[in-house]
Each structure stands twice: as structure tokens, then as C-alpha cells.
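Novice:
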Amino acid sequence: MRVVGVILAGGRGRRMGGVDKALIRLGGTTLLARVAARLGPQVAALALSANGLAEDYAEARLPVLADPPPGNLGPLAGVLAGLDWAAEEGAEAVATAAVDTPFLPADLVARLVAAAGGGLAVAASCGRMHPTAALWPVGLREELRAALARGERRLGGFAHAKGAVTAGFEAEGIDPFFNINTPDDLALAEAALQPPGA
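Each step along the sequence shown adds one to the number in our numbering, with nothing skipped, and position 178 is 166.
1) By DSSP, does phenylalanine 157 sit in helix, in strand, or in coil?
2) When the Cα of alanine 149 is compared with those of Ala159, Ala135 and Ala155, which residue comes out closest?
3) Measure from the alpha carbon of tryptophan 73 to the alpha carbon of each residue in Ala112, Gly105, Glu160 and Val(-9), then state which is nearest.
4) Go ahead and pull the three-state DSSP assignment for proline 125.
5) Can you check the region 69 to 129 for any alpha helix (DSSP H) of at least 4 residues that lies completely inside it and give the ranges in chain order?
6) Within 10 angstroms of its Cβ, does leucine 176 collect 16 or more other Cβ (buried), or is it exposed?
7) Starting from the Cα of alanine 24, find the closest Cα among Ala179, Ala42, Gly40 and Ala(-3) and give me that residue.
8) In angstroms, rounded to a whole number, what distance separates the CA positions of glycine 139 and asparagine 167?
9) Just the Cα atoms here: how many angstroms apart are glycine 144 and proline 119?
10) Would you mind sorting glycine 78 into buried or exposed? The rule is 16 or more other CB atoms within 10 Å of its CB.
11) In this structure, does DSSP put valine 31 in helix, strand or coil?
12) I'd like the list of long-range same chain contacts for leucine 53, defined as Cβ closer than 6 Å, with 5 residues on each side in sequence excluded.
13) Could you tell me the boundaries of the alpha helix (DSSP H) in which glycine 145 lies?
14) Using 8 Å as the limit for Cβ to Cβ distance, is alanine 38 near chain C?
15) Report the residue from Ala104, Pro51 and Tyr45 whose alpha carbon sits nearest the alpha carbon of glycine -7.
This is the structure we're talking about:
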């Protein structure tokens, strides 16, 4: 199965003071670069779904996918942009990850593919589903487009309605899907990067 990856970075970062989370530095590296380094080796091609200016992300050297019109419709629209791009790339599925999840597992895509059985699969850890870390079949494009037209915006709601299966992951130390939403979260992530006893 040909799987491409899309990093979801369309949020406004309100809890981070309006800062674009893709460009926040963790351990001297942007969150975008960290997630790209984690997801990139697992997929055939990688793109960024973002609503900022493409030149803001030039350092990452990734195609930047804008949400379909009218834009700024949330992560579900980012997934649709990714599915449209995947279809152009000849891929059968898109693996997504949020730009604020710098500790993604190195086997995320393989385990999502194994769980999916050709369908939709969502990562889970610590008793929670993480619908931004998921495998989306390209065949869902038109259903997703219709859902957005009806006003649906929740990734988890759409995934549940489509019968998504879960791929479970253990948290060894920090949750692999820990996401950075606040300055306190960023401090926790910085601490997690430190070797034990440092």
C-alpha cells in the first residue's frame, strides 16, 4: 500500500499566544522539523497542511497544502487537502500527524496500516483516541468533502461515523501523542527531552 504523510498545522495556536506552532522551537528544533523527522521516514512522500504563507515553512522543504475553499475549516479540511494531494500522488492512503506532537512512534504508520485492514485507523494511547494521528483511505475523499459541506468539523466524529478502528500504543515515559498546546506543555516536552538524571 502506498501511503503518503500529511502534517496538520492549520491551527491558530491561541493557547500559545497566537504563535504558529509549526515554528515553535523544542530543543533548538522547530516542531515542524521534529514531526517531519518522525513521520517522513515512514511514508512515501510528505506534505504540510497549513493556512500560513508557504514561505513561512520554506525551511522544511515540503509541499504546503492549503485547506479547500473557503479555508480555515479545521483539521478535517486539512485531511481533505491531504487526501486530494494523495490522489494526485497515486497513493492509497494518507497518514496524518499534528505538528504539535513531537514524540510520534517510529512505527506509527506500519501499525496504523496493520490495524486498518484497508479502512480508517486512529492511534490510541493512555485510554484516549488521537484522531489527528490516523490513516485515511483516499476513497473517503468525497464523503469527507460532503461532511465539510454539511458543517462537520470534528475529526473524531467523522472517524467514528466511518467505523474507524484503533491502533493502540503504549506510553513509555511520555505519551507518544503528547501534544503541545500551552507554554506549560512546551516546558514538559523540553523536560522529556532531557536524559534521565540530567
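For every residue, glycine included, the Cβ atom is placed at its ideal position computed from N, Cα and C.
In this text the structure is predicted, and so the values were computed from the model without any measurement.
Specialist: In short:
1) strand
2) Ala135
3) Val(-9)
4) strand
5) 96 to 104
6) exposed
7) Ala(-3)
8) 26 Å
9) 5 Å
10) exposed
11) coil
12) Ala35, Ser37, Ala69 and Trp73
13) 143 to 149
14) In the structure shown, chain C cannot be found, because there is only a single protein chain.
15) Pro51
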